[in-house]
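If you count the sequence shown from 1, you need to add 111 to reach our numbering.
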Amino acid sequence: MSKHHVVVIGGGGTGGAIIHDLRLRGIEATLVERGELTSGTTGRHHGQLHCGARYAVKDRAIARECMEETYILKRIARESLEANYGLFVALNDEDEEHVPIFIQSCVESGIPTKEVPVKHALEMEPNLNPDIRRAIMVPDGTIDAWRLPLQFFASARHNGAGIHTFTPVTGFRSSGKAITGVQVYDLKTRREFTIAADLVINATGAWAGQVTKMADVEIPITPGPGTMVAVRKRLANMVISHLHPAGDGDIIVPQRGLSIIGTTQYRTDDPDDIAVPEEDISEMYRCADMLIPTFSSQKYHAAWIAARPLAGAASTADDARNLSRDFNVVDHGEIDGREGLVSVIGGKATVLRAMAEQTVDAACVKLGITECCTTAETALLPHRAYST
Ligand SMILES: Cc1cc2nc3c(=O)[nH]c(=O)nc-3n(C[C@H](O)[C@H](O)[C@H](O)COP(=O)(O)OP(=O)(O)OC[C@H]3O[C@@H](n4cnc5c(N)ncnc54)[C@H](O)[C@@H]3O)c2cc1C
112 MSKHHVVVIG
122 GGGTGGAIIH
132 DLRLRGIEAT
142 LVERGELTSG
152 TTGRHHGQLH
162 CGARYAVKDR
172 AIARECMEET
182 YILKRIARES
192 LEANYGLFVA
202 LNDEDEEHVP
212 IFIQSCVESG
222 IPTKEVPVKH
232 ALEMEPNLNP
242 DIRRAIMVPD
252 GTIDAWRLPL
262 QFFASARHNG
272 AGIHTFTPVT
282 GFRSSGKAIT
292 GVQVYDLKTR
302 REFTIAADLV
312 INATGAWAGQ
322 VTKMADVEIP
332 ITPGPGTMVA
342 VRKRLANMVI
352 SHLHPAGDGD
362 IIVPQRGLSI
372 IGTTQYRTDD
382 PDDIAVPEED
392 ISEMYRCADM
402 LIPTFSSQKY
412 HAAWIAARPL
422 AGAASTADDA
432 RNLSRDFNVV
442 DHGEIDGREG
452 LVSVIGGKAT
462 VLRAMAEQTV
472 DAACVKLGIT
482 ECCTTAETAL
492 LPHRAYST
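And the structure:
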């Protein structure tokens, strides 16, 4: 057992995976979250288990990582996933031209693909647009956005992690330039106190820049909001994607009894100040109907928006769309002279375990700990164990 204590800020999927990894390596760990667990972007994402096919043309490395993490999550967190596969469909001449490069990029990224004759695709997915030109099956799937992180939190807590919800970090404790802990405010007891730490990990996603500002450090992060719309019917079994270079509203994810179309892409300075633009709803319906023509005639369930934690600086929505979907672990000791603080920025829910592994590897180097990561081989507790 290590004598070190690490504080993790942020109770989304990334923070959950980090605190689980820390405990498996025998490191004392406490997580603080300003609201309820998963109340940030994690509890509001689209719910797609990305096998990487969506990213393969642009970035083989990200695609390969998604595929590897999909295999790992299927081993350690089966109950939070549906292995329902994905179907990329070409709708027009331009899409058809994109098919060879799409398949080639998937193959080069280690992603299995299978072209399905259109007739067969329509038998498997009878609600699909009957005019689709090509259909390629890939190992995408559906993630339960709440259950997956709760499996990490349940396992971490079972292994002795401290988890404080409704406890925002309001500042940092320092000794000279080194960070030695966090100052928090417990919203339940209305008590302010400090938590000492040998290292603080900032896993606050789209809020990461606001948190590092409290330590007088700037970090390149762009909150990129996107809208999703759900209707009350499961219109497909597989995740249906428009086979084209990425754009708005090109993925329909089936989730329990719902079908969810998403998303759009904006940029904002404040991830707390976002609302669904009215026009997004009709635009999402228009895009969904191109894939599944009866989508917009189903009963409306909900529309919501969440902010992507995009790693990198972007001043416009178009710049934000072009930012990589990769993640970075930032050692503020090395970059800003603020020892004791590490941030993880970017990424996506599918690769939360890999994000945690690289972050905790960096933490271990700083603390002189040699324990290796075992999260890829350790089955997680059921999500219900968090409440029981
Ligand atoms: C529209 C959209 C669709 C997406 N769809 C998918 C998808 O289909 N598949 C996929 O793999 N990924 C998807 N993503 C990406 C994925 O949702 C995110 O990458 C992931 O949820 C980020 O998790 P996180 O834990 O890093 O951040 P968050 O879940 O945002 O967690 C950060 C936490 O930090 C807390 N916090 C902030 N400030 C403080 C403070 N001062 N003190 C304490 N706590 C604080 C917040 O309350 C929050 O809970 C999507 C994202 C968006 C926006």
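Using N, Cα and C, we set each Cβ at its ideal position, and we do this for glycine too.
All values reported here derive from a predicted model rather than from experimental measurement.
Checklist line | Residue interval of the beta strand (DSSP E) (run including Val-340) | finding: Within the sequence shown, residue 340 is the residue found at index 229, counting from 1. Start and end: 332–342.
Next item on the list: Would you list, in sequence order, the uninterrupted beta strand (DSSP E) runs of no fewer than 3 residues that lie entirely inside the segment 274–312?
Entry: Complete beta strand (DSSP E) runs here, min 3: 280–286, 289–297, 302–307.
Margin query: If I measure Cβ to Cβ from Pro-356 and keep anything under 6 angstroms in the same chain, skipping five residues before and after, which residues do I get?
Written below: Here residue 356 is taken as the residue at index 245 of the sequence shown, counted from 1. In its own chain, leaving out the 5 sequence neighbours on each side, no residue places its CB closer than 6 angstroms to the CB of Pro-356.
Next item on the list: For Val-108, verify whether its CB is less than 7 angstroms away from any heavy atom of ligand 1.
Entry: No answer is possible for residue 108: it lies beyond the span of the chain, which begins at 112 and ends at 499.
Item checked: Rounded distance between the beta-carbons of Ala-140 and Val-119, thought under 8 angstroms -> The residue given as residue 119 occupies position 8 in the sequence shown. The residue given as residue 140 occupies position 29 in the sequence shown. Right, the Cβ-Cβ distance comes to about 6 angstroms (below 8 angstroms), so this counts as a contact.
Next item on the list: Please indicate yes or no: does the CB of Lys-344 lie closer than 7 angstroms to some heavy atom of ligand 1?
Entry: Along the sequence shown, one-based indexing puts residue 344 at 233. No, Cβ of Lys-344 sits at least 7 angstroms from all heavy atoms of ligand 1.
Item checked: Best match in Ile-214, Ser-286, Val-280 for proximity to Val-101 [C-alpha to C-alpha] -> Since the first residue shown for the chain is 112 and the last is 499, residue 101 is missing from the structure and cannot be characterised.
Check: Rounded C-beta distance between Gln-159 and Ile-362? I'm assuming under 8 angstroms.
Finding: By one-based count along the sequence shown, residue 159 stands at place 48. By one-based count along the sequence shown, residue 362 stands at place 251. Confirmed, about 6 angstroms.
Margin query: Nearer than 7 angstroms: is that true of the beta carbon of His-161 relative to any heavy atom of ligand 2?
Written below: Here the bound small molecules are ligand 1; ligand 2 is not part of this structure.
Next item on the list: Pull up the distance between the alpha-carbon of Asp-384 and that of Asn-348, whole angstroms please.
Entry: Translated into positions along the sequence shown, residue 384 becomes position 273. Translated into positions along the sequence shown, residue 348 becomes position 237. Distance between the alpha carbons of Asp-384 and Asn-348: 34 angstroms.
Next item on the list: Check Asp-391 in the structure and name its three-state DSSP category.
Entry: Taking the first residue of the sequence shown as position 1, residue 391 is located at position 280. Asp-391 falls in the helix class under three-state DSSP.
Next item on the list: Could you tell me whether the segment 384–396 touches the segment 439–446, using the rule of 3 or more Cβ pairs below 8 angstroms?
Entry: A contact is defined here as three or more CB-CB pairs under 8 angstroms, and the segment 384–396 fails this definition with respect to the segment 439–446.
Next item on the list: Check whether the Cβ of Val-143 lies closer than 7 angstroms to any heavy atom of ligand 1, and answer yes or no.
Entry: Mapped onto the sequence shown, residue 143 falls at position 32. The answer is yes for Val-143.
Check: Apart from the five residues just before and just after Leu-133, which ones in its own chain have a Cβ nearer than 7 angstroms to its Cβ?
Finding: Reading the sequence shown from its first residue, position 22 is the one you call residue 133. Contacts found: Val-117, Ala-140, Val-471.
Check: Within this structure, are the beta carbons of Phe-283 and Met-325 separated by less than 8 angstroms?
Finding: Here residue 283 is taken as the residue at index 172 of the sequence shown, counted from 1. Here residue 325 is taken as the residue at index 214 of the sequence shown, counted from 1. Going by C-beta atoms, Phe-283 is nearer than 8 angstroms to Met-325.
Next item on the list: Return yes when the C-beta of Thr-181 is under 7 angstroms from any heavy atom of ligand 1, and no when it is not.
Entry: Here residue 181 is taken as the residue at index 70 of the sequence shown, counted from 1. Not one heavy atom of ligand 1 lies closer than 7 angstroms to the C-beta of Thr-181.
Notebook entry, point to check: Per DSSP, which one or two residues make a beta bridge with Gln-159?
Noted result: For the purposes of this step, residue 159 is taken as the residue at position 48 of the sequence shown. Residue pairing by DSSP puts Gln-159 in a beta bridge opposite Thr-253.
Checklist line | DSSP beta-bridge partners of Asp-442 | finding: For this step, residue 442 is matched to residue 331 along the sequence shown. Asp-442 pairs with Val-453.
Notebook entry, point to check: Taking the C-alpha atoms as reference points, what is the distance between Thr-461 and Gly-337?
Noted result: Within the sequence shown, numbered from 1, the residue matching residue 461 stands at position 350. Within the sequence shown, numbered from 1, the residue matching residue 337 stands at position 226. Separation of Thr-461 and Gly-337 (C-alpha to C-alpha, rounded to the nearest whole angstrom) is 17 angstroms.
Checklist line | Presumed contact (8 angstroms Cβ cut-off) between Pro-404 and Asn-240, rounded CB distance | finding: The residue you call residue 404 lines up with position 293 of the sequence shown. The residue you call residue 240 lines up with position 129 of the sequence shown. That belief holds up - the Cβ atoms of Pro-404 and Asn-240 are roughly 6 angstroms apart, short of 8 angstroms.
Notebook entry, point to check: Which word fits Ala-399, buried or exposed, when buried means at least 16 other C-beta atoms lie within 10 angstroms of its C-beta?
Noted result: If you number the sequence shown from 1, residue 399 lands on position 288. Classification of Ala-399: buried, given that the 10 Å Cβ count is 16 or more.
Note to self: Let me check understanding here. Comparing Cα to Cα, which of Ala-417, Thr-427, Gly-127 lies closest to Ser-269?
What the structure shows: Position 158 of the sequence shown, counted from the start, is the residue given in the question as residue 269. Note on residue identity: the sequence assigns His, not Ser, to residue 269. The option with the nearest alpha carbon to His-269 is Gly-127.
Check: Would the beta-carbon of Ser-435 be found less than 7 angstroms away from any heavy atom of ligand 1?
Finding: Walking along the sequence shown from the start, residue 435 turns up at place 324. Incorrect: Ser-435 has no Cβ contact closer than 7 angstroms to ligand 1.
Notebook entry, point to check: So Phe-438 and Ala-422 are in contact, right, with Cβ under 8 angstroms, and what is the actual spacing, rounded?
Noted result: Counted from its first residue, the sequence shown places residue 438 at position 327. Counted from its first residue, the sequence shown places residue 422 at position 311. 6 angstroms between Cβ atoms; contact.
Check: Is it true that the CB of Ala-341 sits closer than 8 angstroms to the CB of Ala-418?
Finding: In the sequence shown, residue 418 corresponds to position 307, counting from 1. In the sequence shown, residue 341 corresponds to position 230, counting from 1. Going by C-beta atoms, Ala-418 is not nearer than 8 angstroms to Ala-341.
Next item on the list: In the DSSP assignment, find the alpha helix (DSSP H) that holds Ser-216 and state where it starts and stops.
Entry: The residue labelled residue 216 in the question sits at position 105 within the sequence shown. Its alpha helix (DSSP H) spans residues 204–219.
Notebook entry, point to check: Helix, strand or coil: how does DSSP classify Met-248 here?
Noted result: Numbered from 1 along the sequence shown, position 137 holds the residue referred to as residue 248. DSSP places Met-248 in strand when its eight states are reduced to three.
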